[in-house]
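Quick notes on the structure that follows.
Protein chains in written order, with UniProt numbering: chain A, 1 to 381; chain B, 1 to 381; chain C, 1 to 381; chain D, 1 to 381.
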């Protein structure tokens with residue numbers, strides 16, 4: 001089958017996540033990048049498009065222009081990847097969704113809760129698919145963990161411990177050198193009301209929900225901005241109460257020296273516990289209560305179909321972040337192809353949805369509201 | 001020098017911590033066990049004393065009797081180790097303190113806050129020393145971590161993450177088999193108002209304070225009893241606000257399958273971070289911000305005097321729980337010998353005090369009060 | 001720049017390494033697969049080509065046919081990936097090299113030493129490049145380790161410990177189920193005289209040489225076939241003497257339960273030591289003698305330009321086997337593009353060569369000869 | 001029961017292993033040190049004895065004197081610990097064995113093979129017990145590993161990988177500072193013909209034999225002295241052939257920067273594999289072929305009676321080197337008490353014997369002989 005035709009909004013020369021999306025789209029050969037509005041600055045958009053080898057007439061200075069024209073031309077893009085700063089997600093997605101072009105959008109869904117709600121509405125009204133790249137749900141052993149919980153192998157879930165510490169904002173961005181990343185990700189106008197909560201707390205929250213299937217009832221958050229002058233939180237402590245009685249803690253930080261991208265999930269039930277770390281993603285620790293710990297490895301003896309289906313290499317040949325990310329693209333491709341063929345989306349296709357995105361933005365909103373009220377318990381709005 | 005003469009209250013045949021104290025007291029040859037009121041049951045006290053080879057006239061059926069007689073006889077005990085269930089700590093300690101016999105007491109200090117306060121008063125009025133076995137402060141690399149923080153090597157401390165999960169109470173004690181441990185440790189009359197918070201949360205709280213030197217301002221706690229019919233908490237989530245602006249999270253649990261005794265402390269400051277795990281106590285991870293992680297090993301290249309002084313073996317010859325515990329006894333011995341010689345206690349002697357014990361009982365009390373008020377912020381009473 | 005046009009020999013439907021090569025070629029968008037002789041069976045070659053979406057006229061039933069036609073047509077392939085069983089490497093490579101088509105060939109170079117020598121001669125006479133996919137040399141932290149040794153940071157190298165244990169051949173292939181992999185890789189006609197020595201020992205030998213820059217003087221090998229009826233070695237113990245005085249041990253095994261793909265290299269010099277494990281490839285342990293161990297992470301604080309140049313993601317976003325493999329393809333692409341532009345190959349392009357391949361086949365030959373002579377010391381032929 | 005009365009030969013003020021023996025003897029309260037010939041220098045012997053609080057008349061300047069007098073006096077020592085440099089083991093042991101005093105002797109057995117043989121003879125003729133402190137056999141999880149192999153849980157053993165690297169002799173002792181340890185341990189007159197092979201290679205060899213129960217058929221050794229002027233080996237590579245067909249590799253080194261005391265054993269059989277590391281001794285990795293790895297922990301869910309019997313603390317309360325060492329003393333005490341009671345030694349008492357010691361000295365001798373003959377295969381003499 002010919003690759004799907006992909007456009008990209010954002011992801012110009014000095015961006016981080018745009019390059020990640022491009023590799024992820026490419027790994028399985030399911031997408032071909034053919035168009036782009038790669039920057040909000042026209043010259044940079046042009047230079048970036050040329051650097052990527054796009055045809056000159058498919059390099060756009062503006063995402064709306066791209067949506068309009070790609071929708072009209074023969075062989076226009078099938079899908080668009082939106083990889084801009086957060087505040088652009090909504091206006092960009094809108095232009096494509098309303099023209100029936102499938103959207104693959106980076107997280108968090110939007111920079112504000114109202115935008116998130118409008119985007120949900122738009123997505124639900126559109127024929128096009130909306131895929132959110134909460135990429136950690138693409139890791140094979142995360143898929144397996146989810147299945148194990150769903151199967152009841154851990155018993156009723158009691159305790160969830162999830163954390164996502166980093167250290168790259170330990171010092172003021174002025175001190176370590178302003179780069180595009182540190183600049184917009186600490187600017188509430190572009191990143192949203194949450195800093196670490198929005199950037200990585202949403203990942204942690206999403207991962208915990210994805211694996212456990214639990215729905216949040218309320219949370220109590222204590223957020224801090226440790227670096228002088230920082231306008232968004234750079235550290236967050238959150239207590240979680242899930243419906244049904246499970247309880248949890250979530251920690252996100254961008255000021256924890258020695259942590260690069262240390263997302264970690266631990267889930268404990270009445271019958272067992274499991275543990276997974278993003279930096280060593282090929283391993284899943286499982287302890288049935290009263291038995292020795294087991295180290296399950298991706299594609300190894302304890303790996304199951306649900307994990308093997310989204311693996312590319314045998315056990316001991318480590319897969320990483322890009323492969324996990326690529327699994328979101330691969331799932332998107334399967335769904336898009338089904339749509340294009342007028343068939344139902346296969347039941348085993350799994351990807352984060354616009355509803356998951358709304359939950360994430362609601363999580364940030366709730367953290368900010370709770371923290372403003374001295375860590376009062378609040379529900380997701 | 002001849003060993004100090006030690007008595008013991010509690011620690012009869014089927015106890016866990018009594019045997020630990022006896023080995024800890026013996027490792028450095030500083031103490032000799034010569035008397036005991038090893039059980040509240042006379043027959044058991046007798047059998048236990050005989051099993052330990054105590055002289056018949058130094059086996060007591062009652063701690064008060066022991067305090068009185070040992071105080072009177074020539075060569076009576078110099079110190080007593082109190083290793084009973086929590087509710088007996090206060091009445092037992094009282095009898096010895098008021099007779100000038102040094103007390104080495106297991107944690108938590110007492111089962112109630114009023115008892116803790118009374119014990120502080122008694123200890124302060126007594127000539128005798130009061131040593132609390134928050135044994136984790138005896139680990140060499142914990143001592144080093146503390147010195148590093150005190151030296152400012154981590155910069156101003158911002159974030160403290162401490163946790164102490166276990167799994168031995170995952171099921172109802174009736175199901176896994178009632179033993180002496182699980183019985184009294186889940187009975188609020190004997191263990192106190194806190195279950196996991198009292199038994200292990202106090203250790204975590206103490207360790208965080210010991211290493212960082214921070215004083216708690218307030219906490220917000222969400223405690224649970226996951227096992228049906230359990231009358232004390234078996235899992236606790238606590239947010240911490242330290243004086244001066246540092247923030248923290250504390251998790252204690254006895255229902256987290258796959259965790260044996262997984263006390264872990266992580267401390268992050270403006271200039272660096274460190275990490276230590278009780279189950280692998282010979283290692284201390286240090287990251288000066290912007291530099292690679294370093295694995296400091298006990299008695300290894302990065303170990304310092306403060307750690308080496310309380311180490312017995314070269315690097316790579318692992319020391320463990322008993323050696324860390326023994327360091328508390330060794331420090332106690334140094335202090336007691338100084339007292340006996342009428343000299344000041346050497347400045348580098350470090351052991352947990354009755355005040356640390358009061359802080360621990362206040363911590364449990366605050367957790368219980370906060371949790372009862374829906375995790376409201378409360379100060380230590 | 002348009003992607004280079006790639007053909008493939010071998011790598012049909014049930015192959016393992018063909019799929020790896022295809023992903024590796026795709027990750028950076030530098031190659032496009034346009035032609036293939038994907039199986040020695042015509043029907044399978046056709047079915048495999050169709051499954052990969054190749055144009056019907058570029059699906060070949062025979063590699064010679066492909067070489068001839070692709071050499072003639074406009075827009076014929078720029079390079080070919082040879083991913084067949086070992087005994088086909090030489091005849092296939094010959095057809096392309098002599099027509100000036102660049103060759104990217106899986107390891108070991110050939111199944112016999114005479115073939116290896118002929119291939120070296122052919123490659124040296126050809127204008128085309130020959131790239132051998134000793135893929136582990138593509139890992140960023142391996143590149144960094146090599147630079148550190150070359151810089152003298154470890155001092156004069158004394159000891160090399162390298163091992164590559166697996167467990168997938170622990171039982172007879174008849175018992176665990178014959179698959180294409182286990183079948184040809186245990187058949188001396190196709191795999192060569194060495195079993196584990198050829199399949200993975202060559203990787204270990206190559207990696208040790210790549211990182212240390214040392215040249216082997218002689219070896220002493222004790223090879224075993226533990227599984228009844230196996231016709232090639234499934235475990236090999238080798239002592240190494242390098243020129244200049246360094247000494248080493250090499251262990252390769254396919255019968256070591258609990259090992260998936262556990263290639264590990266440790267290098268010790270007069271001033272320091274380092275350690276790297278393939279299954280956790282983002283980490284490099286470095287110990288300058290007398291200082292604490294340091295954990296260097298890919299793209300982290302201790303990572304250097306030589307590693308960063310071949311990394312795609314920030315620290316903490318793990319890269320794996322496929323990215324390391326893709327680095328060989330990326331280096332090949334840089335070299336090929338330089339060739340096509342008539343420019344010298346950039347000085348920092350690094351890939352395993354046909355000479356490295358000859359060294360590997362010589363290593364296997366020497367192991368087999370030594371083992372046959374009761375582990376006598378032999379030189380590489 | 002009253003503690004056994006222990007004397008000590010060697011172990012004066014600046015010794016390392018003497019202090020270890022004293023703690024090990026004390027941990028379980030089974031021995032009381034009452035006499036000593038703690039140094040070959042009379043003044044130092046006196047000072048050391050006083051520092052340990054020995055009665056003046058039981059401080060000896062000479063081991064023979066001690067043997068004679070202690071044998072005569074009422075309440076003379078029951079056993080003697082010999083912790084001198086290697087060349088004194090034989091003459092010292094002789095004096096006690098021939099007087100019926102039990103001997104607990106450090107390893108290696110002797111500094112020469114003839115001495116070892118004479119000592120075997122003496123020990124076999126004596127009524128006294130001879131216990132060799134190959135202390136690593138005292139670790140609980142080593143005991144369990146041994147039982148698992150004996151039970152056939154790993155199937156027929158095929159491959160043994162054992163290593164013991166250190167780094168403390170990386171530089172010339174003149175450079176790092178001569179201390180008592182580095183001085184005699186690099187002097188062939190006192191340490192014996194082997195350097196690293198004798199000091200730590202014997203431990204590795206003993207451990208492999210202890211766990212697997214295999215007997216060596218022959219070995220091929222390549223020994224080096226990397227440091228200029230060093231008169232004994234500081235690095236050794238050894239290939240092993242066991243009776244019955246198992247094969248192994250042994251590496252010992254004292255010049256491997258980053259290794260403190262990294263004794264590690266891996267054993268692979270037809271049905272499974274196991275792995276144990278001395279620096280993390282509470283863990284035992286077990287992989288039944290085709291199943292996930294299991295992490296067995298001391299006193300944890302997968303621990304067995306054979307390990308639990310020699311454990312003192314619950315799972316998660318790490319035990320270390322001293323506790324493992326103490327287990328040798330505890331076993332010795334059980335055997336000695338049985339002897340004293342005229343009863344047979346209990347069947348489950350396990351300790352290294354004089355025969356194990358002879359095997360160790362023979363191992364060193366064979367390594368030296370083999371290496372001198374260019375790593376020819378030699379049998380243990």
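Even glycine gets a Cβ: it sits at the ideal position worked out from N, Cα and C.
For residue 302(A) against residue 294(A), the beta-carbon gap comes to about 6 Å, under 8 Å, which counts as contact.
With respect to chain B, the C-beta atom of residue 140(D) has no partner C-beta closer than 8 Å. Setting aside the 5 residues that flank it on each side, residue 315(A) is surrounded in the same chain by 297, 299, 300, each with a C-beta closer than 6 Å to its C-beta; the list follows chain order.
Among the residues facing chain C, residue 312(A) is included, as its CB has a counterpart in that chain under 8 Å away. For residue 102(A), the enclosing beta strand (DSSP E) stretches over residues 102–105.
In the displayed model, residue 329(D) falls within a helix according to three-state DSSP. Note on geometry: alpha-carbon atoms of residue 339(C) and residue 79(C) lie some 12 Å from one another. Scanning the UniProt domain "GFO/IDH/MocA-like oxidoreductase" (142–275) of chain D for uninterrupted beta strand (DSSP E) segments of 3 residues or longer gives 157–165, 216–224, 235–242, 247–253, 264–269, listed from N- to C-terminal end. Here residue 352(B) has 107, 131, 132, 133, 134, 137, 206, 210, 328 as same chain residues with Cβ atoms under 8 Å from its own Cβ, once five neighbours each way along the sequence are excluded. Taking 8 Å as the CB threshold, residue 216(D) stays off the interface with chain A.
The Cβ-Cβ distance between residue 25(D) and residue 54(D) does not fall below 8 Å. Looking only at 117(B), 18(B), 261(B), the smallest Cα-Cα distance to residue 355(B) is reached by 117(B). Counted as a single uninterrupted DSSP element, the alpha helix (DSSP H) harbouring residue 90(A) occupies residues 89–97. Within the region 321–341 of chain C, those residues whose Cβ lies closer than 7 Å to any Cβ of chain A are, in chain order, 321, 322, 323.
Spatial neighbours of residue 163(D) in its own chain (CB-CB distance under 6 Å, excluding positions within 5 residues in sequence) are listed in chain order as 251, 264.
Separation of residue 277(A) and residue 283(A) (C-alpha to C-alpha, rounded to the nearest whole angstrom) is 8 Å. Rounded to the nearest whole angstrom, the C-alpha separation of residue 69(D) and residue 273(B) is 59 Å.
Residue environment: residue 151(C) is assigned as exposed (fewer than 16 neighbouring CB atoms within 10 Å of its CB, all protein chains considered). Distance from the CA of residue 348(C) to the CA of residue 148(C), rounded to the nearest whole angstrom, comes to 15 Å. None of the residues of the UniProt domain "GFO/IDH/MocA-like oxidoreductase" (142–275) of chain B has a beta carbon lying less than 9 Å from any beta carbon of chain C.
In the structure shown, the three-state DSSP call for residue 48(B) is helix. Residue pairing by DSSP leaves residue 120(A) without any beta bridge partner. Residue-level contact check: residue 8(D) does not touch chain B, since none of the beta carbons of chain B fall below 8 Å from its beta carbon. With a threshold of 16 other beta carbon atoms within 10 Å, residue 41(A) falls short and is exposed. At least one CB atom of chain C sits nearer than 8 Å to the CB of residue 293(D). Counting every other CB atom within 10 Å of its CB across the protein chains shown gives residue 213(D) a total below 16, marking it as exposed. Using a Cβ-Cβ cut-off of 8 Å, residue 83(B) does not count as an interface residue toward chain D, since no Cβ of chain D sits closer than that to its own.
In this structure, residue 190(A) sits away from residue 217(A), with a CB-CB distance that is not shorter than 8 Å. If you compare the alpha carbons of 18(D), 122(D), 229(D) with that of residue 170(D), the shortest gap goes to 229(D). At a C-beta separation below 8 Å, residue 374(D) has these neighbours in chain C: 377. When the beta-carbon positions are compared, residue 31(A) and residue 333(A) come within less than 8 Å of each other. With its beta carbon at least 8 Å from every one in chain A, residue 59(C) lies outside the interface. Contact of residue 34(D) with chain B by beta-carbon distance below 9 Å is absent, the smallest such distance being about 13 Å.
Residue 166(D) has its alpha-carbon roughly 14 Å from the corresponding atom of residue 271(C).
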